[in-house]
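In what follows, a single structure is set out as structure tokens and then discussed.
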Amino acid sequence: MGRDRGPWWPCRSSGWRPPPWWKWPPLRSGDCNRDAASGHPVSLRRAWAFLTRLPGGAHPRDDRELGRSVPWFSAVGAVVGGLSGALYWALHSPLGPSIAAVVAVGAGAAATGGFHEDGLADTADALGGSTRERRLEIMKDSRVGAFGVLALVLFTLVRVFAVSSLEPLDGLVALVLAHMLGRAMAVALMGVVPAAAGTGLGHSYTAHLPRAWTAVAVIASSAVAASLGPAGAVALLGAAAGAAAVGLIARRAFGGTTGDVLGAIEQVGEMAVLVSAAGLVATYGWSWS
């Protein structure tokens, strides 16, 4: 009965007090010390450490903490996109749009250690396998094959060309939206497509996924995109369609999602947003008026 009243109730006899408001909601693990150290700000720092190579994070200690950080993935993406977009905005005039776009896209990849690009390459290579077991085996291979290289080159070129076609401020907005929606779409797929295996990152994400907060994060990211006029709405639809397509392919080819598949979904979503922006922003801008 005590556990039904909240995660702090079993700890009262040991002198434990509920955590302060900025660490809510705490984990329901039954571990009083861990519960006291949980909450949204801590989960944000864990998402930051997991998704980027930038300072300021706190690495997840186990699958529970990793899963709990998932709702913050799109927020981390928005910050990474902001850093990338700020470089494009700052370098557009002195260096020209082409070089500025290369630096901006490269900086976004460097900030994450090529985390999502690696997933794209591994997924592309794995799709060349003849059986499900062989595909999963190829995906675990750290070497990059021809399909992986082609996917990386094509996706990078499309993103660079799309960004270089935008004005400085439009490019900044597009990069923030692309990184945010790309991760939001990957997070959305975690909740609807099962993991392909009982181990690996795909399983780690979904095993302890806080579905209510994950839904809030995806809805919030989608609302931001939809508020940015026709370009934002089309970008949202394109990212969602791309994520759905990759999810269906993964379900058939691998039996579900993996960490690499989720990285590929992020890259597809990012590219869809940037292409939509390149085609529509010059005409419609970023508003409905």
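Numbering (this note's numbering), first residue to last: 7 to 295.
The C-beta atom is built at its ideal place from N, Cα and C for all residues, glycine as well.
Because the structure is a prediction, the values reported are computed rather than measured.
For residue i, three-class secondary structure by DSSP
i	result
Ala201	strand
Asn39	Model confidence at Asn39 stands at a pLDDT of 46, short of 50, so the residue's coordinates are unreliable; what they give is reported in the following sentence. Correct three-state label for Asn39: helix.
Thr263	strand
Leu234	coil
Ser44	Below a pLDDT of 50, predicted positions are generally treated as unreliable, and Ser44, at 48, falls in that range; the measurement from the model is reported next regardless. Correct three-state label for Ser44: coil.
Val281	helix
Val252	helix
Glu272	helix
Trp95	helix
Pro103	helix
Trp78	helix
Val182	helix
Asp147	coil
Trp219	helix
Leu156	helix
Glu173	coil
Leu133	coil
Leu60	coil
Below-8 angstroms beta-carbon distance, residue i vs any chain B residue
i	result
Gly112	The chain inventory of the structure shown lacks chain B, comprising one protein chain alone.
Neighbour-count burial assignment, residue i, 16 or more Cβ in a 10 Å radius
i	result
Leu254	exposed
Ala288	exposed
Glu276	buried
Thr264	buried
His185	buried
Thr220	buried
Val279	buried
Gly238	buried
Ala127	buried
Gly177	buried
Val193	buried
Trp294	exposed
Val198	exposed
Glu123	buried
Pro103	buried
Selection from the options that minimises the alpha carbon distance to residue i
i	options	result
Gly83	Leu187, Ala250, Val279 and Val222	Leu187
Leu93	Val76, Ser170 and Leu234	Ser170
Arg70	Val111, His185, Leu195 and Pro216	Pro216
Pro200	Leu181, Phe260 and Pro174	Phe260
His98	Leu268, Ala55, Leu234 and Glu173	Glu173
Leu195	Arg149, Leu242 and Ala250	Ala250
Thr137	Ser282, Ala256, Ser293 and Leu286	Ala256
Phe79	Glu139, Gly134, Pro61 and Ala55	Ala55
Val159	Gln273, Trp294, Ser293 and Ser295	Gln273
Ala110	Phe167, Gly197 and Leu156	Phe167
Ala284	Ala246, Leu101, Ala107 and Leu156	Ala107
Arg81	Ile225, Gly248 and Gly102	Just to set this straight, residue 81 is Ala in the shown sequence, not Arg. Among Ile225, Gly248 and Gly102, the Cα nearest to that of Ala81 belongs to Ile225.
Leu183	Gly88, Phe161 and Ala247	Gly88
Thr162	Ala96, Pro100, Gly112 and Ile105	Gly112
Close Cβ partners of residue i (< 6 angstroms) along its chain, the five nearest in sequence each way excluded
i	result
Asp131	Ile144, Gly151, Phe153 and Gly154
Pro77	Trp219, Thr220 and Ala223
Gly125	Asp266, Gly269 and Ala270
Thr129	Asp266, Val267 and Ala270
Proximity below 8 angstroms, CB of residue i to CB of residue j
i	j	result
Val240	Ile271	no
Ser90	Leu175	no
Ala190	Gly262	no
Trp292	Gly235	yes
His214	Gly73	yes
Ser75	Pro61	no
Nonlocal neighbours in the same chain, by C-beta distance under 7 angstroms from residue i, ignoring five residues either side
i	result
Val86	Thr58, Gly114, Ala117, Thr118 and His185
Ala64	Val48, Arg51, Arg52 and Ala55
Leu242	Leu187, Ser228, Ala231 and Ala232
Leu286	Pro236, Ala237 and Val240
Residues near residue i by beta carbon distance below 8 angstroms, same chain, minus five either side
i	result
Leu133	Arg141, Phe153, Ile255 and Ala259
Val281	Val164, Ala168 and Gly244
Ala247	Ala278
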